[in-house]
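> Starting off with a structure, shown below.
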Amino acid sequence: MSDSLSRGRGAAPIDPLRRRLIGGFACVGVSAALLPCCLGHAALAATGQIGFELKEIADGVFTFQGVVDLETPANEGAIANLAVIVGSDALAIIDSGGSLVEAKAFIEAVRKVTAKPVRYLINTHMHPDHIFGNAAFRDLGATIVGHRNLPRALEARGAFYLKSYREQIGETLMQGIEIVPPTMLVKDRLKLDLGGRVIELKAWEAAHTDNDLTAYDGATRTLFAGDLVFVKHLPTLDGSLLGWMRQMDALAAIKAERVVPGHGPIPSAWPEALEAERRYFEVLASDLRKAIAAGIPLAEAVKTAGRSEAGNWALFEEYNGRNATAAYAELEWE
Amino acid sequence: MSKARMFANMPATAYNSLWPGHHLSHYGGGIKMRIVAFWTWRAALPVALISSILAFGTGALVAWPDAAHAQQTPASSEQVWQDLKGDVFGDRTIQADSDIVRIEAPKRAQDAALVPVDISFDPEKAPDGIKSLTLIIDVNPSPVAATFTIGKDSGVTHLSTRVRVNDYSFLRVIAETPDGKLYMTKTFVKASGGCSAPAVKNMDEAKKTIGQMKLRQFAATDGKAPELQLMIRHPNNSGLQRDPLTQYFIPAHFIQTLTISQAGQPILSMEGGISISEDPNFRFDYKPRGSGEIQVEAVDTEGKKFNDHWPVKAAGL
Chain V
13 MSDSLSRGRG
23 AAPIDPLRRR
33 LIGGFACVGV
43 SAALLPCCLG
53 HAALAATGQI
63 GFELKEIADG
73 VFTFQGVVDL
83 ETPANEGAIA
93 NLAVIVGSDA
103 LAIIDSGGSL
113 VEAKAFIEAV
123 RKVTAKPVRY
133 LINTHMHPDH
143 IFGNAAFRDL
153 GATIVGHRNL
163 PRALEARGAF
173 YLKSYREQIG
183 ETLMQGIEIV
193 PPTMLVKDRL
203 KLDLGGRVIE
213 LKAWEAAHTD
223 NDLTAYDGAT
233 RTLFAGDLVF
243 VKHLPTLDGS
253 LLGWMRQMDA
263 LAAIKAERVV
273 PGHGPIPSAW
283 PEALEAERRY
293 FEVLASDLRK
303 AIAAGIPLAE
313 AVKTAGRSEA
323 GNWALFEEYN
333 GRNATAAYAE
343 LEWE
Chain R
585 MSKARMFANM
595 PATAYNSLWP
605 GHHLSHYGGG
615 IKMRIVAFWT
625 WRAALPVALI
635 SSILAFGTGA
645 LVAWPDAAHA
655 QQTPASSEQV
665 WQDLKGDVFG
675 DRTIQADSDI
685 VRIEAPKRAQ
695 DAALVPVDIS
705 FDPEKAPDGI
715 KSLTLIIDVN
725 PSPVAATFTI
735 GKDSGVTHLS
745 TRVRVNDYSF
755 LRVIAETPDG
765 KLYMTKTFVK
775 ASGGCSAPAV
785 KNMDEAKKTI
795 GQMKLRQFAA
805 TDGKAPELQL
815 MIRHPNNSGL
825 QRDPLTQYFI
835 PAHFIQTLTI
845 SQAGQPILSM
855 EGGISISEDP
865 NFRFDYKPRG
875 SGEIQVEAVD
885 TEGKKFNDHW
895 PVKAAGL
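Just so you know, the sequences run in chain order V and R. Take the first sequence: its position 85, counted from the start at 1, is 97 in our numbering, and no numbers get skipped. Take the second sequence: its position 300, counted from the start at 1, is 884 in our numbering, and no numbers get skipped.
Structure below.
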């Protein structure tokens, strides 16, 4: 196995999408002026340009590091960190990516590492950047594993995601994307055997979402934290701030040597990777508690809460207001 | 015969269009199941809401067959409203762009599940007061978010709550004065996109705490009237999701009626729907009548009653 595998698009089989991409290049080639008709093709071509690189961060653990950004057509929705763990008999994949294009690039990169079957796809939670590639792994015959609450969460949101992401990442990238719920559910803890290698899953109480699942590879003491851990990228709140803060100590107590966060550098140091998000949550909660006690309404309070953290994070402006809104509604009940 | 009425007897079709995306439907499900779900839904809803849902469903079908693809615009939101208003207000005249009533919401909502909206009216311009306020979110599956009835001489002149907004949409409020005239104002909210879905964030907690209430009292300050803030724990669930185990639709479950009064005199009441955010939350000014206690009764679509009462605090806060 090589340490680092990069994947160029050149080797991909020619599928209909790809034909259009090639057509796009041709169009750009003949028209230096980029006629309006070609702009669409140029954009399409751009969607095939992210390099999908798997890096071996520990023995038999390969990861893809997503870009710290919002999902866009240009980044193919490839913003979440993904991983594959190689056992003697089979593989476990951790999260399927933000589009089928990304999932297929992921599978292709995995195939350069090993021909072993993908036995499990582990979904760390419900968000589209982590689950929109599920169909590609289902089609490989993988068993999809998720938190006991994940099917319910996807029922409530699936239709909305399919619609709102069409606007976010564009029609082309949405092609073929389905909401595919897990069929193996984790109530509390579950062990998955890959042959000589056991992956321990833990279902958490509501925190980032109400369906957060972590995976731990005992062989290399690597923790796959999903979006319970954000590094550099502002944490986003879609579950329970208090639940997240309450479970911080239990998370930190996991005896791992490294963590693969849901977003941010891979690997990150453990448990130091938790420090920044813990501080952000405390600042946000403290600002909001003061505002709530003073009777400042939600619409006003969210404009200032957490702002002293602005310089410490990427995507702060994109997500802090939303976090503050959700957290205000939760903290109001304290 | 309007198109809306032409389609009004097609429950499965109407149901299909209730939720953006459903009629394109990766959510297969048999026609039979959809009809069952629709009737469950219908049985749970007040007539005005039902007719508006039907109008929305068919409106969506007629106006934009491609609704699941296209983002709403002010023009398409307005079109939905034009198709909808007859079902809510009949052929009554509505004075648009009125300065009697105001509505404020963020231009871009932070969280589609929790969009703060503030409605107020100018007592100088409505000397006889306002009888009711109807809050409408054009493009939502259930566009009539709520109708608030203001108690006579209750002193209520503004009201804040939080709503779910499914897409870019006008939020509009129609105020009715005691003489039966209708005045409307609106604001456009961009609320779609990303992973902030208009859904319950922590369902286990929502189920556990259902029915709890909290009342906050804010004392009068700087010439402003005292305020009350009523909070009710309730998932205010859409009913448009299936049970992953049984595959049956979970019936809609939300606070349907709410009355807030002081010593038996009504301050504010609400007839509501699923567009009100989970844990419904209302903050409003009022004119206290002596020291009588504040009483609240809420009834949800399962017929469960939630009651609570609190003494009026002299100083508030």
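Ideal placement from N, C-alpha and C gives every residue a C-beta, glycine not left out.
Kindly indicate which three-state DSSP category D229 (chain V) falls into: helix, strand or coil?
It is a strand residue.
> Under 8 Å by Cβ, that's how I've got L743 (chain R) and F673 (chain R) pegged, so tell me the actual separation to the nearest angstrom.
About 20 Å; that fails the 8 Å criterion.
> Please check the pair A759 (chain R) and V685 (chain R), which I expect to be a contact at CB under 8 Å, by giving their CB distance rounded to whole angstroms.
Rounded, the Cβ-Cβ distance is 4 Å, consistent with contact.
> Judging by CA-CA distance, which residue of V:R201, V:L174 and V:K199 is the nearest neighbour of G188 (chain V)?
Measuring from the Cα of G188 (chain V), the nearest candidate turns out to be V:L174.
> Within the 8 Å Cβ cut-off, does F744 (chain R) reach chain V?
The question names Phe, but residue 744 (chain R) is Ser in the sequence shown. Chain V, which has a Cβ nearer than 8 Å to the Cβ of S744 (chain R), makes this yes.
> Classify E167 (chain V) as buried or exposed, calling it buried when 16 or more other Cβ atoms lie within 10 Å of its own Cβ.
Buried.
> Are there 16 or more other CB atoms within 10 angstroms of the CB of G255 (chain V), so buried, or fewer, so exposed?
It counts as buried.
> Does DSSP classify M138 (chain V) as helix, strand or coil?
Correct three-state label for M138 (chain V): coil.
> Can you pull the chain R residues whose beta carbon is under 9 Å from the beta carbon of N161 (chain V), in chain order?
M787 and D788, listed in chain order.
> 8 Å is my cut-off, CB to CB: does Y173 (chain V) come that close to chain R?
Judged by the 8 Å Cβ criterion, Y173 (chain V) is in contact with chain R.
> May I ask you to verify whether the region 702-711 of chain R touches the region 780-798 of chain R, counting CB pairs closer than 8 Å and requiring at least 3?
Touching, no, given that fewer than three Cβ pairs across the two stretches are closer than 8 Å.
> Judging by CA-CA distance, which residue of R:S738, R:I714 and R:N750 is the nearest neighbour of S726 (chain R)?
Here the closest residue by C-alpha is R:N750.
> I815 (chain R) versus chain V: which residues are under 8 Å apart at the beta carbon?
A small correction: the amino acid at residue 815 (chain R) is Met; Ile does not occupy that position in the sequence shown. Under the 8 Å cutoff, chain V gives E344 and W345.
> Indicate whether at least one CB of chain R lies closer than 8 Å to the CB of G109 (chain V).
By this cut-off, G109 (chain V) is not an interface position.
> Please state whether DSSP places I119 (chain V) in a helix, a strand or coil.
Helix, per DSSP.
> Out of V:H275, V:A285, V:A317 and V:G307, state which residue places its alpha-carbon closest to the alpha-carbon of V295 (chain V).
For the residues V:H275, V:A285, V:A317 and V:G307, the minimum Cα distance to V295 (chain V) belongs to V:A317.
> So with Cβ pairs under 8 Å, would you call D250 (chain V) a contact of chain R?
Closer than 8 Å to some Cβ of chain R, the Cβ of D250 (chain V) qualifies, so yes.
> Using a Cβ-Cβ cut-off of less than 7 Å, give me the residues of the region 310-340 of chain V that come near chain R, in sequence order.
Cβ contacts with chain R: L310, A311, V314, G333, R334, T337 and A338.
> Can you tell which of V:A127, V:R258, V:R131 and V:G323 has its C-alpha closest to the C-alpha of A219 (chain V)?
Among V:A127, V:R258, V:R131 and V:G323, the Cα nearest to that of A219 (chain V) is on V:R258.
> Verify the CB distance criterion: does L719 (chain R) have a CB-CB separation below 8 Å to chain V?
It does not: the Cβ of L719 (chain R) has no partner Cβ on chain V nearer than 8 Å.
> Grab me the residues of E346 (chain V)'s own chain with a C-beta within less than 7 Å of its C-beta, minus the 5 sequence neighbours each way, in chain order.
Taken in chain order, the list of residues that qualify is empty.
> Please list the segments of the beta strand (DSSP E) lying wholly inside the region 676-761 of chain R, counting only runs of 3 or more residues, in order along the chain.
Qualifying beta strand (DSSP E) stretches, in chain order: 685-688, 699-705, 716-721, 728-734, 742-747 and 753-760.
> Helix, strand or coil for Y767 (chain R) per DSSP?
Looking at Y767 (chain R) - three-state DSSP - the assignment turns out to be strand.
> With 16 other CB atoms within 10 Å as the buried threshold, where does P163 (chain V) fall?
Answer is buried; the Cβ neighbour count reaches 16.
> When you compare only the Cα positions, how much space is there between S753 (chain R) and R291 (chain V)?
If I take the Cα positions, the gap works out to 36 Å.
> For K808 (chain R), which of helix, strand or coil comes out of DSSP?
If DSSP states are grouped into helix, strand and coil, K808 (chain R) belongs with the strands.
> Please state the DSSP three-state secondary structure of K315 (chain V).
Helix, per DSSP.
> Residues of chain V with CB closer than 8 Å to the CB of S780 (chain R), please, in chain order.
Those within 8 Å of S780 (chain R) in chain V are D250 and R334.
> Within the chosen definition, does the region 67-76 of chain V reach the region 266-279 of chain V through at least 3 CB pairs nearer than 8 Å?
The region 67-76 of chain V is in contact with the region 266-279 of chain V.
> Any chance the region 130-140 of chain V sits against the region 106-122 of chain V, with 3 or more Cβ pairs inside 8 Å?
Yes, the region 130-140 of chain V touches the region 106-122 of chain V.
> State yes or no: is the beta carbon of L799 (chain R) nearer than 8 Å to at least one beta carbon in chain V?
Answer no: the Cβ-Cβ gap between L799 (chain R) and chain V never drops below 8 Å.
> Quick one: what's got a C-beta closer than 8 Å to K785 (chain R)'s C-beta in the same chain, skipping five residues either side?
If we look at K785 (chain R) and ignore the five residues flanking it on each side, its Cβ neighbours are A697 and E862.
> Starting from N891 (chain R), trace the alpha helix (DSSP H) in both directions and tell me its first and last residue.
First-last for N891 (chain R): K889 to W894, but that is the beta strand (DSSP E), not the alpha helix (DSSP H).
> So what's L327 (chain V) in DSSP terms, helix, strand or just coil?
Three-state result, L327 (chain V): coil.
> With 8 Å as the threshold, decide whether the Cβ of D683 (chain R) is near any Cβ in chain V.
Output row for D683 (chain R): interface = no.
> In its own chain, which residues sit with a C-beta less than 6 Å from the C-beta of E212 (chain V), not counting the 5 before and 5 after it?
These residues qualify, in order along the chain: K203 and Y228.
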